[in-house]
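Residue numbers for the sequence shown follow my numbering, beginning at 179 and rising by one. See structure below.
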Amino acid sequence: EAREVILRQLAAFRVDDYRAAYSFASEEIQSLFDLPAFERMVKGGYPQIARSTDAWVTETNLAPNGRLYVGLRIRGADGLFVQALYEMVWEESRWRINGVVTRPDSGAI
Numbered sequence: 179e180a181r182e183v184i185l186r187q188l189a190a191f192r193v194d195d196y197r198a199a200y201s202f203a204s205e206e207i208q209s210l211f212d213l214p215a216f217e218r219m220v221k222g223g224y225p226q227i228a229r230s231t232d233a234w235v236t237e238t239n240l241a242p243n244g245r246l247y248v249g250l251r252i253r254g255a256d257g258l259f260v261q262a263l264y265e266m267v268w269e270e271s272r273w274r275i276n277g278v279v280t281r282p283d284s285g286a287i
């Protein structure tokens with residue numbers, strides 16, 4: 179299931195297992211970033227994702243093009259929250275992460 183793929187990648191990031199995290203990325207992402215570049219991109223561009231402490235799935239939407247969009251609310255190790263929208267693609271008989279867009283979240287429940 180797509181949500182589980184995202185949560186497993188977040189768990190890999192928490193323990194600095196970027197090799198495992200990279201395995202959840204789509205072929206497109208892997209063609210753009212080798213493993214060291216992927217790690218730098220995540221740590222530099224997505225600090226709350228790289229060091230999350232909690233994550234909650236907030237929405238799941240299947241687009242007409244077959245891509246799945248999964249929304250999450252993520253708390254980083256710094257205590258700040260972000261809203262994250264993951265784009266998922268079906269490859270090799272499984273869901274893989276094809277990108278994520280984040281925006282700040284107030285942290286209010």
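Every residue, glycine too, gets a C-beta built ideally from N, C-alpha and C.
Nearest to residue 203 (by Cα), restricted to the options 257, 274, 280
274
Those residues which DSSP pairs with residue 216 across a bridge
Answer is none; residue 216 lacks a bridge partner.
Contact under 7 Å by Cβ, residue 214 with residue 254
no
Short Cβ contact (7 Å threshold) for residue 205 with residue 265:
no
Which stretch, first to last residue, makes up the beta strand (DSSP E) that contains residue 205?
Element bounds for residue 205: not the beta strand (DSSP E) but the alpha helix (DSSP H), 205 to 210.
C-alpha gap between residue 278 and residue 263, whole angstroms
5 Å
Nearest CA to the CA of residue 247: which residue from 192, 200, 280, 190?
280
So what's residue 255 in DSSP terms, helix, strand or just coil?
coil
Which of helix, strand or coil does DSSP assign to residue 200?
helix
Whole-angstrom distance between residue 236 and residue 284, CA atom to CA atom
15 Å
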